[in-house]
Structures are given as C-alpha cells and as structure tokens.
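Q: Which chain is which? The protein sequence lines are A and B, in order.
Be aware that the first sequence starts at -8, since it is given in this note's numbering, and climbs by one per residue.
Be aware that the second sequence starts at 2, since it is given in this note's numbering, and climbs by one per residue.
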Amino acid sequence: MDMNQYLDIFVEEAREHLQNLNTSLLELEKDNQNKAVLNEIFRVAHTLKGMSGTMGYTKMQTLTHDMEDVLDALRNDRVKANSNMVDILFKCLDALETYVNTIASTGHEGSEAFQEIIDALANVLKTGGAPAPVQEKKAAKAPETPAEPVVASRLNIELNQYDINVIRKAIDEGMNVFEIHVMFDKGCLLKAARAFIVFQILEKNSEVIKSVPKVEDIEDERFEFDFTVVVITQLTKEFFEREINSVAEISGVEVTPILPENVGMTSEPVVEEAKEEKAAADAGQSAPKPAAKPTAATATEEHKKIQKTGKTVRVDIDRLDILMNLVSELIIIKTRLDESSHGKTDADTESLEYLERITTSLHDAVMKVRMVPVETVFNRFPRMIRDIARELDKEIELHMSGEETELDRTVIDEIGDPLIHILRNSADHGLETREERQRANKPPIGNIYLRAYQDGNNVVIEVEDDGRGINIDKVRKKIIEKGLESAEIVNSFSDKEVVEYLFKPSFSTADKVTDLSGRGVGLDVVKTKIEALGGMTEVETEAGKGSKFIIRLPLTLAIIQALLVKIGDEKYAIPLGAIREIVNIKPAELKMVRNQEVIFLRDMVIPVVRLDRIFSVPGMIPDSEKKHLTCVIVKKGDKQSAFIVDNLIGQQEIVIKSLGKILAGVKFIAGATILGDGNVALIIDVNSLAL
Amino acid sequence: MDTKTLVKDAKQYVVFKAADQEYGADIHKVSIIEKPMNIARVPTTPDYIKGVVNLRGEIIPIMDLRLKFGLPEVPADDDTRIIMFKLNEITLGIIVDAVAEVVSLKESDIESVTSITSDRSLDYIIGIGKADGRLITLLNIEKLIAELLNKD
C-alpha cells in the first residue's frame, strides 16, 4: 500500500491542525494559565504526532511527542507556563510548518532535526519551567539523527486513520477484514515469485488495503521471510489459510480477523510499542493499545468536523475550473455578438438582450461558487504582526474585522503578498517607537486596523494605522532628489498626487533599509498585482495621525485560463479552451494546397494562420531561421487551424479586461489582460481568425 | 460649431506642443498627465492609434497627436508626455511632444477658425487662442473622441 495517495490529505489536515495550533498559541500568550487552551494545544500536538507517525515522518513525530510531554506537564502544573515557554512552543510550530511544507513539495519531511528546539523542550521539563535560553539556529545543521527508532515491526501492522476508516466501512457493509501474515520457508529461493503468487490469490479473492512491507518492496524481494497484509473480503478465514498454504515454499499462514473493536480507536504510533518492546512474535495483533485521551481527542475532532460540514458537497477544483472556463468563453462570444451591430433586426437585439441577462446570471452564479472568505488570508496575520512587533521592539495590536467577506479564489491567492507588504510597511514605517509615541502623547501600543467589507460591486480592504502618517514634504523632496520631476511641477502637485509616487518602482523614503522594508521594491509590486486583479490602490494619510491604505477589488471577475505566446516582439493570450494541442513541425513540412498553407497532422489537413502577418507584428523570426515552427492548433467547431507563434510563454489565469468603447469593434481581438509585470497583452479572438 | 457660445469667461487650458505648434485643451477634460508608458499595439487600428496602456488597472487607448494630424512621428524624449483626457466615462490618452503650462483664456482671446491649419486638423479646432503673443490651437477633445467612437 502506498502512502503517497494519502499525502494530499495528510498535508491538508496537518495544515488545518497547525492553523488551529497557531490560534491557540496566540490565545495562550494572552493568558498563559488558560487550561482550556492548553488542553486544545495538547490535543492538536497529539493528533499531529499520530498522523506523522503513521506516515513515517519520524522527526515530526519526535518533535510532537516532546511537545506533548511538555504540554502534559504544563496542564498538570508540573511545569510553570511563562512567556519563554510560549516562545518555545511557537518555535515548535514554525518547525512543524517547515516539515509540512517540505512534505508538501517533496513527499519527505527533509533532514532538519531542529535539535535546539528539542533540547529546549527537554530543558523545560528538567528545570520545571525556568526560562532557559533557546539558542538561535546556527547556520550549521543539527546532527541528523532521528530521536527514536521507528521500525514498523513486520508482524504488527499499524493502522492509520484512513486504514481504520476503510476497515470500518467494510465492516459496516458486512465484509470480513483479515490481517494475514504469510511466512516463507527459510530455504525459499524465489521469494518474490512466491509472493507474487500469494498476491494473485489475495487480489482475486479480496481487496488488499495494506501491506507491510510495501508492495514495491515485496516485489523487489526486500523482505526477510514474511510479510503481512490487511484484506477485505467476503470469503472466510479458512479459505485464505487453505489457499495460501497450498502455495509451494510457504511455511505458514496466520489469518487474524480484524474486529470492530480493533478499529474503534486511533492507533498509537509504533514508536510507543517499540518502546514497550512488544514481542516480535506477536502474530499480527493489529489493535493498538488505545489510550483514553487520544480517543476523546479524535472523537471531539471528528465531532467538530461533522458540525462544520452540514449541507455541502466536495467538488474537485478542476471541475470548477472547467465550468468557469466554459462560462468565460460564453461571455467572450456574447460580447462579440453584442459589438457587431451590423444587420441586426429587432428580434435579434431582443434575443441578444435575453442572452446577456442569462449569461450574466450564469456568470454570477459560477463566480459565487469560487468565492472564499478573506479569513483564509487574514488568519496568518496576527502571528505575523506579533513576530514583527518583537523584531522591531514595538508594541503593536492588530484589529481585524470583516473576515467573513468573500472574494474570488484567484484574488484570495494573490492578495496575500500585497497585504503582507502593506502591513509590514505600517508596522515598520507607519508606527512609531514607544518613546516617539509617548512624546507625541499617544498610547504606547500602536494599532493597525485590517478591515474588509463590501461596497457596491467592490470588496474593499483597508489597512489603517495610528502612526506617524506619510511625510508628504519628505516625499516631495525625494521626488526632486531622484530627478523624477522638476521642482516646480512637484510643488504644483496636490498631496494626493505626491503620495502616488510611493507606488512607483524603486521609490522609498526610508532612511535605512531594514530587513522588512525600505528597499523601495514593494509598493509598486503591490500596485501592479492589485491592478492585474482589476482593482485599485489608494492612500489616505495625515501627518502625526496615521495612514490608511485602501485596496478596492471588483467582486466579479471574468477570468479564463489562457496560453501566453510570443509572436515577434509582442505577447498575446489565447484562451485555453480554444486550444486543441500544440505541435512543433519542421518548416519543410509546410505544404501548399490551393494557395493555402497547410500542415498534415495525423491524416488531417490543417490550414495555417500566420498571425504575425494578419497583425503586422514586428520582429517575427522568419521560417528560414527557425529549426521548427511552433503551431498552436485551435478548434472552431469541428474545424481546426494552426496558429504559428514564435514562442510559448506559459499557461496562466488571466483577467479579461474590455478594450473600452473606443476600441470596442477591433477585429480579431477579444479583449486585453494585464500581465504580472503591469504590461498589457491582447487576447486573441480565435473564432474570428480560425479558418 | 459655434465657438463663441462655447467660451464664456476665462477658461483654463492645458498647453502642449506637437511639432513646434502649440495646442490647448480644456483643463476640465484632463484627467492625468503621464510620462511615456509601455504601449501594447493593437492590430488593425489606424496608425495614429498607438495601442493601449494599463492605467491603474484600466485599459486606455492611446493616440499619437502628430500622426493624427498627418505629421511625422518622432521618438519619445524626456519631454514627451501622454495626456489622459476623460469625457463621460471614456478615457483617451494623447501623446504630445511636451506639456508646457496652463493658460487662462477669455472669450475675447479666442479667434474662430479660418483655413489656417491643414485640412485634416480643421474639424477638431475650437479656435485659436492668443496668450502672451503666442498662438495656441484649441482642440475639441469631444470631437476627437466622438469620431473615434463612430469609426465602425
């Protein structure tokens, strides 16, 4: 059985737990005697320990195990809670996040052992809570040794939550579940072949849901003289005993039924059992020693999950994307119909209006499906601000509101970084130091307000601080200093126009560049990103009182997946839905049929469309200089055409922007999109060009 | 177009240059003045439409004044500017050689049009304004935009 299929679920659930941990730790920091929060943190650590153990992530398991020990001591008052403790726990959280991220990208937990954190945890237990300095991670890596051996004893199959669920379901349906331990003759030579035969029997008569060692290992003969499987079947124990025993060179079979009692609880990771030194000869006892606490923990976790679901349906994101693309294409073609005003009768116009209403409704409905509350982005900010506050040695409080406001999924993905930058700006440059604030008769704690709300057709996100505001004169001076505009023009600018300059590239009035900000790279990227989403940025500021960054984002976006291509010197976007495939052909393969250039593709004759000629694009590389021609094969109904391009840039989700009233009727172009670098790329109207 | 009824008391005009000639436009129609930006060319449009730009997230068409008036195009330099004109929700950017200043012109400072300029630019002129001994050709931005809208 392969762990990889569980990887996605593991990562998803681990992340949920870590988020929970984050929130709880922040609570704990505010009140470090809060037993309820301590218990919650304990439960999360325990669950994570179980999850990582059964996935084989030993380092993560070790860390969570040690965390558990400390947390247990905390909630039983054997150890005192203090701010140093919470710091250590936060560091643990960061370490766990690192593990999960590494797992998400590579499938393994990596080689970091975070030894300093483990030592710190051990130290806490020893000293009963007296603060011991946790050493900052040095550049040198900690020694790479897993703290505890995790060797899945071959005769004990440990069942993780997913196995248990599968087994439970099988039992519910009245199937039999067996753990089958197969032993080979000591003198058996062709173990892999024998194992194969056994598996054939198993697979013909049952469903194998787990195997220790893994199937690949068995196939490669990486086992000694036995292996164990868990199967679900209608047949009996005797049947399997008989069948498998009848295979040559099998010395014995032990079939143990897995009973409902065995799967009533979560399995304890194998580490515990190895510690207790369970006899290896134990014939396939699969039921782990259930501890009362983990049961309660899992029960409440599941209960919580059940409460959350209610009337919802899990939908594959890919399916949503397909739906989204179809609707977007519908909109494009509807817009084209609209704009061609020639030869329309009254009946046509009426039909078009009706079509418009339906399309808009359909689009709205699909967009709603993609809406996600901003909370998913906001929830990491409290922790971030806390960390920044410590780094800058300022006291900062973050007030959030409107987290339930919803935004399109794509926007949510993109809005995080810009917001982080603005928040950091506020914390770093906006808010003053404690002393400065006191001198200005302000309360020592700096406040940052993060608000989200709906305003007409827009969602507005505000980041407001009660800091020192933007020094407009300083900005004016900087503009002149940098030679961006002459002094007289700058002096004629209104305050608002001056502030706009902050969003220009490489502009920063910070006197020194801190680690966080000051390099002048951030705000212009923020502006570009938000504009690419169809939104806009604004700043309101008052010297001495504070600043407010306002981001406006449109609620409905026409978004499609597109292929960006380079034709000559220019970039164009081709809606992905129109593309059938992409082929490279040699220039010599181009043929002429009745004065039309064509290519032959798998018995089909496909006419060639030279976009560079139709669009008069400068800089197109002539055929003679190319080794091969990149052809994008597009479809129009049943017909296909080949668009020749210079280069493929890549696939990307783009926001369709109208060309505006003046250019509305332009041929061959369906609209425009703003690329990540702020430049405009035109969207090709495939229908009007395909032959 | 009756130029006398358009101009009442002193109105302010932004003065800009194209090919050594000074032009003016009603300042109320000016939205913002930008330095040259990356323009994305739009195929199959007249040559004087250079393309579109991204202005704060909105796609704005850009026209080259020289080309519109049949004058030779020149490469952009430090003085080149794009003046964004906005009329009733429609924005049009016009590339000019330089933006000079803002002048105030009274009705009496403006002479109605006779065949002074070349035929092509005739329709778009409200009149010739006189300021400090200079002659400023006052452009009719509405006409420019209206003509573009009715193109096809």
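Ideal Cβ placement from N, Cα and C applies to all residues, glycine included.
#1: Residue 649 of chain A touches chain B at which residues, Cβ-Cβ below 8 Å?
#2: In the stretch 71 to 92 of chain B, which residues sit with their C-beta less than 7 Å from some C-beta in chain A, listed in chain order?
#3: Is the Cβ of residue 31 of chain B closer than 9 Å to any Cβ of chain A?
#4: Residues of chain B with CB under 8 Å from residue 670 of chain A, in chain order?
#5: Taking residue 369 of chain A as the reference, which of A:346, A:380 and A:393 has the closest Cα?
#6: Listing by chain order, which chain B residues have their CB less than 7 Å from the CB of residue 561 of chain A?
#7: Thinking just about the alpha-carbon of each residue, which of A:463, A:9 and A:526 is nearest to the one in residue 483 of chain A?
#8: Any Cβ of chain B within less than 9 Å of the Cβ of residue 606 of chain A?
#9: Per DSSP, residue 226 of chain A forms a beta bridge with which residues?
#10: Count the other C-beta atoms from every protein chain shown that fall within 10 angstroms of the C-beta of residue 619 of chain A, then say buried if there are 16 or more, exposed otherwise.
#11: One question on the structure: do residue 534 of chain A and residue 461 of chain A come within less than 9 Å of each other, judged by their Cβ atoms?
#12: Answer yes or no: does any C-beta atom of chain A fall closer than 9 Å to that of residue 146 of chain B?
#13: Since residue 63 of chain B and residue 52 of chain B should fall inside the 8 Å C-beta cutoff, what is the C-beta to C-beta distance between them, to a whole number of angstroms?
#14: Name the one or two DSSP bridge partners that residue 128 of chain B has.
#15: Considering only the alpha carbon of each residue, which of A:17, A:0 and A:-1 lies closest to residue 372 of chain A?
#16: Can you look up residue 288 of chain A in the DSSP assignment and give me helix, strand or coil?
#17: Rounded to a whole number of angstroms, what is the C-alpha to C-alpha distance between residue 56 of chain B and residue 339 of chain A?
#18: Tell me the residue span of the alpha helix (DSSP H) that contains residue 364 of chain A.
#19: Work out the CA separation of residue 150 of chain B and residue 653 of chain A for me, nearest whole Å.
#20: Taking the straight line between their C-alpha atoms, what separation do you get for residue 575 of chain A and residue 513 of chain A?
#21: CA-CA distance, residue 226 of chain A and residue 167 of chain A?
#22: Under 9 Å, Cβ to Cβ, is there at least one residue of chain B near residue 511 of chain A?
#23: Using DSSP with H/G/I as helix, E/B as strand and the rest coil, what is residue 70 of chain B?
#24: According to DSSP, what are the bridge partners of residue 622 of chain A?
#25: Name the chain A residues that come within less than 9 Å of residue 45 of chain B, Cβ to Cβ?
#26: One question on the structure: do residue 524 of chain A and residue 544 of chain A come within less than 9 Å of each other, judged by their Cβ atoms?
#27: Checking contacts by CB at 9 Å: is residue 708 of chain A closer than that to chain B?
#28: Taking 9 Å as the threshold (beta carbon to beta carbon), is residue 141 of chain B in contact with chain A?
#29: Identify, in the order they occur along the chain, each residue of the same chain with its Cβ nearer than 7 Å to the Cβ of residue 88 of chain B, setting aside the five sequence neighbours on each side.
#30: Excluding the 5 residues flanking residue 83 of chain B on each side, which residues of the same chain have their C-beta closer than 8 Å to its C-beta?
#31: With a threshold of 9 Å between beta carbons, is residue 52 of chain B in contact with chain A?
#32: Per DSSP, residue 213 of chain A forms a beta bridge with which residues?
#33: If we define contact as Cβ-Cβ less than 9 Å, is residue 522 of chain A a contact residue for chain B?
#34: Measure from the alpha carbon of residue 474 of chain A to the alpha carbon of each residue in B:148, B:24, B:11 and B:79, then state which is nearest.
#35: Go through its chain and collect everything with a Cβ distance to residue 30 of chain A's Cβ below 7 Å, but skip five positions before and after it.
#36: Would you list the one or two residues that DSSP bridges to residue 23 of chain A?
A: Result, derived from the coordinates:
#1: 60
#2: 91
#3: no
#4: 39, 41 and 55
#5: A:393
#6: 42
#7: Among A:463, A:9 and A:526, the Cα nearest to that of residue 483 of chain A is on A:463.
#8: yes
#9: Partner(s): none; residue 226 of chain A has no beta bridge.
#10: exposed
#11: yes
#12: yes
#13: Cβ atoms of residue 63 of chain B and residue 52 of chain B come within 8 Å of each other, at about 6 Å.
#14: B:139
#15: A:17
#16: No answer about residue 288 of chain A holds up, because its pLDDT of 39 lies below 50 and its placement is not dependable.
#17: 35 Å
#18: First-last for residue 364 of chain A: 362 to 364, but that is the beta strand (DSSP E), not the alpha helix (DSSP H).
#19: Straight-line measurement puts the Cα of residue 150 of chain B at about 5 Å from the Cα of residue 653 of chain A.
#20: 40 Å
#21: 7 Å
#22: Interpretation of residue 511 of chain A is limited by its pLDDT of 49, a score under 50 that renders its predicted location unreliable; no figure is taken from the coordinates.
#23: coil
#24: A:574 and A:635
#25: 605, 606, 607, 657, 658, 659 and 660, listed in chain order.
#26: yes
#27: With chain A running from -8 to 682 in the structure shown, residue 708 of chain A is simply not present.
#28: no
#29: 30, 142, 143 and 146
#30: 34, 35, 36, 37, 38, 54, 63, 94, 95, 96 and 97
#31: yes
#32: None; residue 213 of chain A has no bridge partner.
#33: Chain B contact via Cβ: present.
#34: B:79
#35: So the list reads 66, once near-sequence residues are dropped.
#36: DSSP links residue 23 of chain A through a beta bridge to no other residue.
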